[in-house]
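For the sequence shown, UniProt numbering assigns the number 266 to the last residue and increments by one with no breaks.
Inspection log for the structure reproduced underneath, given as structure tokens.
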Amino acid sequence: MTTGQRDSRTAVDKALALLRAFGDEAGTGVGVSELARRTELSKSTAFRLLGILERNGAVERAGSNYRLGPMIHDLPSPESAPDIDMLRDVLTPFLSILYEQSRQTVHLAVLQGPDVVYLNKLHGFHRVPSPSRIGGRVPAYCTGIGKAMLAYDPVLIDQVCSGELVPVTPHTITDPDKLRRQLARVKEQGIAFDFEEVRRGLNCVAAPVMSPTHTPVAALSISGPVGKFDPRRWATPLRQISFEASKVYAAQMRARRQRAAQVKSA
């Protein structure tokens, strides 16, 4: 749109344009300035409309960025979300590597609002009853895999810590200040732990898979029975595997953008 030309689009048109503008970054997040550029809106208009969309669950904060929210994810669809499919396809091989190395139960999950949603799971030899199931949701604050992603979203941290931290087990962290301190360490160290916080007898170590913009798109975890599995021992190998997974994810994102640009220019 040329400078000075009146924008005849309605507010609904502009809001829908913002939702479409996320593209391949719908799950990782895009900044207000970039969304405004993509939709040819002023930054103030984009910010105002994003606020309305956020209040209605269509988008949510991801640090200083925005991403599509739970209302959009919960809309019925005849097929799985392409981004989720890509994450599962790209990252499941790394989940298999974790399993082969540890022989413990391993998980792949994403963060949707304050909850973890599990995309894949491979069972270890020493099974401990676990609340995790593929497609299931668990509060992020009481799981290692959830804290590995939650730590990078200050807006969501405020939301979680200002709400009720229900004790799932006697070991669940229910003190908001203690949880904040722990999440700060997770962000600093790139690794998260869960010591019987979601299930008694179960320990867990987790690390985020990062996008090119340094925000988590998913996380990988290893969990095992107390007394037989020491999660601290697996912190370094898990960091390395998550780092490699992040590189492969970034390469896939670049390839998708290049294909989209080629189709657009054809």
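Note that CB positions come from ideal geometry on N, CA and C, so glycine has one too.
Rounded distance between the beta-carbons of residue j and residue i, thought under 8 Å
i	j	result
I173	L165	7 Å
L238	V205	6 Å
V32	F47	5 Å
A17	T39	4 Å
V30	N56	Between N56 and V30 the Cβ distance is about 18 Å, and since that is not below 8 Å, they are no contact.
P93	D115	With a Cβ gap of about 25 Å, P93 and D115 do not count as contacting.
Beta-carbon proximity of residue i to residue j, cut-off 9 Å
i	j	result
G113	G51	no
V117	R137	yes
L35	A11	no
G224	G124	yes
residue 269	M149	As shown, the chain starts at 1 and ends at 266. That puts residue 269 outside it, with no answer to give.
Y152	G63	yes
S162	A207	no
V226	L202	yes
With 16 other Cβ atoms within 10 Å as the buried cut-off, status of residue i
i	result
R134	Note that residue 134 is Ile in the sequence shown, not Arg. Exposed: under 16 other Cβ atoms inside 10 Å.
P170	exposed
E197	buried
D177	exposed
R67	buried
residue 270	This structure cannot settle anything about residue 270, because the visible part of the chain is limited to 1 through 266.
S132	buried
V263	exposed
K121	buried
R259	exposed
T236	exposed
Cut-off 7 Å between Cβ atoms - residues of its own chain near residue i, not counting five sequence neighbours on either side
i	result
K43	V32, S33, A36
W234	S102, V205, I222
Should the region 209-228 be regarded as contacting the region 240-249, the criterion being three or more beta carbon pairs within less than 8 Å? yes
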